[in-house]
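One line per chain: the protein sequences are W and X, in this order. As numbered in the UniProt record's numbering, the first sequence has no gaps in its residue numbers, which increase by one up to the final residue, 96. As numbered in the UniProt record's numbering, the second sequence has no gaps in its residue numbers, which increase by one up to the final residue, 544. C-beta atoms are modelled at their ideal positions from N, C-alpha and C, and glycine is treated no differently. Since the model is a prediction, treat every value here as computed from it, not as a measurement. In what follows, a structure is listed as structure tokens, so that the remarks can point back to it.
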Amino acid sequence: MNKDSQMRAAINQKLIEMGERERLKELLRAKLVECGWKDQMKAQCKDVIREKGLEHVTVEDLVVEITPKGRALVPDSVKKELLQRIRASLAQHSTL
Amino acid sequence: CNGAWLQRKQHTLQPTYYVMSLYPQIMFCFGRARRSSRCGSPAGCSHVNAYKVDNWRPNLRVIYQCFVWSGSAETRRRKAKSCICHMCGAHLNRLHSCLYCVFFGCFTKKHIHEHAKNKRHNLAIDLLYGGIYCFVCQDYIYDKDMEQIAKEEQRKAWKLQGVGEKYSTWEPTKRELDLLRHNPKRRKMTTNCTIGLRGLINLGNTCFMNCIVQALTHTPLLRDFFLSDRHKCEMQSNSCLVCEMSQLFQEFYSGHRSPHIPFRLLHLVWTHARHLAGYEQQDAHEFLIAALDVLHRHCKGDTTNDNGKKANNPNHCNCIIDQIFTGGLQSDVTCQVCHGVSTTIDPFWDISLDLPGSSTPFWPLSPGGDGGTVNGESHLSGATTLTDCLRRFTRPEHLGSSAKIKCGGCHSYQESTKQLTMKKLPIVACFHLKRFEHSAKLRRKITTYVSFPLELDMTPFMASRWASTNYLPPGLYVLVRYALFAVVNHQGTLESGHYTSFIRQHKDQWFKCDDAIITKASIKDVLDSEGYLLFYHKQFLEYE
């Protein structure tokens, strides 16, 4: 693993231990609903299901088609805010 | 999400069901999680049968508790350390755990697939979402028993984390499915359909009642309560106001566009709130409080506590009115000598705010005092904002030497300061701008413009310790944002005037309701209006 992914793993570990990861996930969920991202994704999923047929579509089909779109459609403001919160959480923990 | 609902059958007592929220922005519940019984559930598969032997249930639970939804600090630590791919060490890439042995592998890089093939271990669990993957079927499968365990473990973890219950999509019961099949007529809600809008005939100076009815019929939670037929009437006579409201909602959401004549409602209001009877113009705010009071009293059949027993205590009522409108106002009286604080909390349905220009002294807060647009309100050179009024309402007030309070600590009368803050925020917050002055000398209307925002953050006015800091724990921030959904305005003077209202549909469609006449309005129209009663709805609701 290179330095970047080492850091990522370390941060991830810390956040899980703090219980912060779950809370951040909740915040992210709320923000993504609020900005309409969840509805957009739902609509995309429906398109994929219609395309592949209800009987034949698998979760994998959806993941492969939706993931890139989902990642691209997250608003910058949401990314910014989450980054801020992560920084704040990590900073708070190191002062304890 | 598109919404659909059943049409009420005219000749039977089939209940009406309301399926989806009109406000995609609002996730909500009714205070208790629904125990859904899956029927016609999606496929499990036969390949799980090899797994469901011996002690499989507790084993599966352990996997959920340790590696998927870790509730306790210990399991979290373990999860953090051990949840990495056994082949490449990554913690991302949709990590899965084999169900038959201790092996973690990436899904994206197919490491778990390799393991499945080599060891002939057909089942794996997604560590992010808890889904069970069958390598033979090559898809996620939903075995009823395993789903049950998953749900239980998830709830347990949430509880441990202090998250409480979360929104889960509606799953119909067998009875509901039957009803849906027997009542095939559907009405589709698009983003610009105007169902729910209906004018109200003025029965003689009844505009004060009409505008409150418009506000109530467009209160999302109240609408959902009535459209899903949740009122169980316990009154013997025909004079239940809640039943009448239920009828009113049916009328408003029937799709009829002709104005409705609310004569029965008016009659019931006269019966139960005598002080409002007569054909003179009344105060819309007084009507709101009287209506909520009568509805609250008539909701007795719907109040249950957790044991399913009827709650007879009016102070611990859990009726829909209390659930939606009741907040808690904290009053702290601080003794100036010993600094002891005496705290009381009183329920409230509305917050009445004094305005500049009234005979009560309004502390002139400099416009944009603490950095301007706290709530995105316009500060047109000195215009008072709703936030200013709220700040004034919650500022510490010196009670003066003529109003000494008996201090429990000093055992004598001392000067003190009093401060009001919000302890419990209601789901719907109604702000009453006190425009009508009825003092001994003066009877007049204060027409000062007060600017109010489309979205309101109540954090600065709350009693909790977070109010004084800028930092809120992540996740808590979203729970105090409110969205404007109705405005009641009064035109004219104290002696002769007229009430109209603005109400909101979907996300940003506003309409002006002037008795029987409904017209489209712009957000600017709404925000430029004088404002008498302002109705705000919490944007995100949490489960009790």
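Discussion item. Along the segment 504-519 of chain X, where does the CB come closer than 8 Å to a CB of chain W? Name the residues.
Written reply: So nothing in the stretch comes that close.
Worksheet item: Using the C-alpha atoms, what's the distance from residue 530/X back to residue 360/X?
Response: Within the second sequence, residue 360/X is the residue found at index 360, counting from 1. Within the second sequence, residue 530/X is the residue found at index 530, counting from 1. When rounded, the distance between both Cα atoms is 20 Å.
Worksheet item: According to the neighbour-count rule (16 or more other Cβ atoms, all chains shown, within 10 Å of its Cβ), is residue 67/W buried or exposed?
Response: Walking along the first sequence from the start, residue 67/W turns up at place 67. Counting of Cβ neighbours within 10 angstroms places residue 67/W among the exposed residues, the total staying below 16.
Worksheet item: Of all the CB atoms in chain W, is at least one closer than 7 Å to the CB of residue 256/X?
Response: What you label residue 256/X is simply residue 256 of the second sequence in a count that begins at 1. Residue 256/X does not count as touching chain W.
Worksheet item: Out of curiosity, what's the CA-to-CA distance linking residue 308/X and residue 53/X?
Response: As a position in the second sequence, residue 308/X is number 308, starting the count at 1. As a position in the second sequence, residue 53/X is number 53, starting the count at 1. Residue placement at residue 308/X is poorly supported in this model, since its pLDDT is 46, which falls under 50; the coordinates are not used for a value here.
Discussion item. Let me see if you follow: with CB-CB separation under 7 Å, is residue 64/W close to chain X or not?
Written reply: One-based indexing of the first sequence puts residue 64/W at position 64. Proximity of residue 64/W to chain X, defined by a Cβ-Cβ separation below 7 Å, is not satisfied.
Worksheet item: Candidates 222/X, 107/X and 132/X: which alpha carbon is nearest residue 94/X's?
Response: As a working mapping, residue 94/X is identified with position 94 in the second sequence. By alpha-carbon distance to residue 94/X, the top candidate from 222/X, 107/X and 132/X is 107/X.
Worksheet entry | C-alpha distance - residue 272/X paired with residue 239/X, whole-angstrom precision | Mapped onto the second sequence, residue 272/X falls at position 272. Mapped onto the second sequence, residue 239/X falls at position 239. Going by the C-alpha atoms only, they are around 9 Å apart.
Worksheet item: CB-CB under 6 Å to residue 489/X, same chain, minus the five flanking residues each way: which ones, in chain order?
Response: Within the second sequence, residue 489/X is the residue found at index 489, counting from 1. Closer than 6 Å at Cβ, skipping near neighbours: 500, 529, 530 and 532.
Discussion item. Which residues in chain W have a C-beta closer than 7 Å to the C-beta of residue 77/X? List them in chain order.
Written reply: Locating residue 77/X in the second sequence gives position 77, counting from the first residue. Taking a Cβ-Cβ threshold of 7 Å, the residues of chain W close to residue 77/X are 17, in chain order.
Worksheet entry | Cβ separation of residue 300/X and residue 251/X, assumed to be a contact under 8 Å, to the nearest whole Å | One-based indexing of the second sequence puts residue 300/X at position 300. One-based indexing of the second sequence puts residue 251/X at position 251. About 24 Å; that fails the 8 Å criterion.
Worksheet entry | Inter-residue spacing [alpha-carbon to alpha-carbon] between residue 218/X and residue 177/X | Taking the first residue of the second sequence as position 1, residue 218/X is located at position 218. Taking the first residue of the second sequence as position 1, residue 177/X is located at position 177. Between the alpha carbons of residue 218/X and residue 177/X lies a gap of roughly 28 Å.
Worksheet entry | With 16 other Cβ atoms within 10 Å as the buried cut-off, status of residue 20/W | The sequence position of residue 20/W within the first sequence is 20, counting from 1. Answer is buried; the Cβ neighbour count reaches 16.
Practice prompt. Over the uninterrupted alpha helix (DSSP H) stretch that includes residue 27/W, give me the two end residues.
Written response: If you number the first sequence from 1, residue 27/W lands on position 27. Run containing residue 27/W: 20-34, per the alpha helix (DSSP H) assignment.
Worksheet item: Under 9 Å Cβ-Cβ, which residues of chain W neighbour residue 86/X?
Response: The residue labelled residue 86/X in the question sits at position 86 within the second sequence. Under a criterion of Cβ atoms nearer than 9 Å, no residue of chain W is adjacent to residue 86/X; the nearest Cβ is some 14 Å distant.
Worksheet entry | Residue range of the beta strand (DSSP E) that includes residue 491/X | Taking the second sequence and counting its residues from 1, one reaches residue 491/X at position 491. From DSSP, the beta strand (DSSP E) with residue 491/X extends over 481-492.
Worksheet entry | Three or more C-beta pairs below 8 Å linking the segment 382-390 of chain X and the segment 439-452 of chain X | Touching, yes.
Worksheet item: Which ranges would you report for the alpha helix (DSSP H) in the segment 188-231 of chain X if only whole runs of at least 4 residues count?
Response: The alpha helix (DSSP H) runs of length 4 or more contained entirely in the segment 188-231 of chain X are, from start to end of the chain, 207-217 and 220-227.
Worksheet item: Applying the criterion that 16 or more other CB atoms from any shown protein chain within 10 Å of the CB defines a buried residue, is residue 414/X buried or exposed?
Response: By 1-based counting over the second sequence, the position of residue 414/X is 414. Buried: at least 16 other Cβ atoms inside 10 Å.
Worksheet item: When burial is assigned at 16 or more other CB atoms within 10 Å of the CB, is residue 263/X buried or exposed?
Response: As a working mapping, residue 263/X is identified with position 263 in the second sequence. So residue 263/X ends up on the exposed side.
Discussion item. With a threshold of 7 Å between beta carbons, is residue 91/W in contact with chain X?
Written reply: Counted from its first residue, the first sequence places residue 91/W at position 91. Residue-level contact check: residue 91/W does not touch chain X, since none of the beta carbons of chain X fall below 7 Å from its beta carbon.
Worksheet item: Of all Cβ atoms in chain X, is any one closer than 7 Å to the Cβ of residue 10/W?
Response: The sequence position of residue 10/W within the first sequence is 10, counting from 1. Taking CB atoms only, residue 10/W has no neighbour in chain X less than 7 Å away.
Worksheet entry | Proximity below 7 Å, CB of residue 91/X to CB of residue 124/X | Working through the second sequence from its first residue, we reach residue 91/X at position 91. Working through the second sequence from its first residue, we reach residue 124/X at position 124. No, the pair does not count as a contact, with Cβ atoms beyond the cut-off.
Discussion item. Taking beta-carbon pairs under 9 Å, can you tell me which members of the segment 324-339 of chain X lie near chain W?
Written reply: Answer set for the segment 324-339 of chain X: empty.
Worksheet entry | Listed by chain order, chain W residues near residue 80/X by CB distance under 7 Å | Numbered from 1 along the second sequence, position 80 holds the residue referred to as residue 80/X. In chain order: 13, 16 and 17.
Fill in: Completely contained beta strand (DSSP E) runs for the segment 60-111 of chain X, where each covers 3 or more residues
Listed in chain order, they are 95-98 and 104-106.
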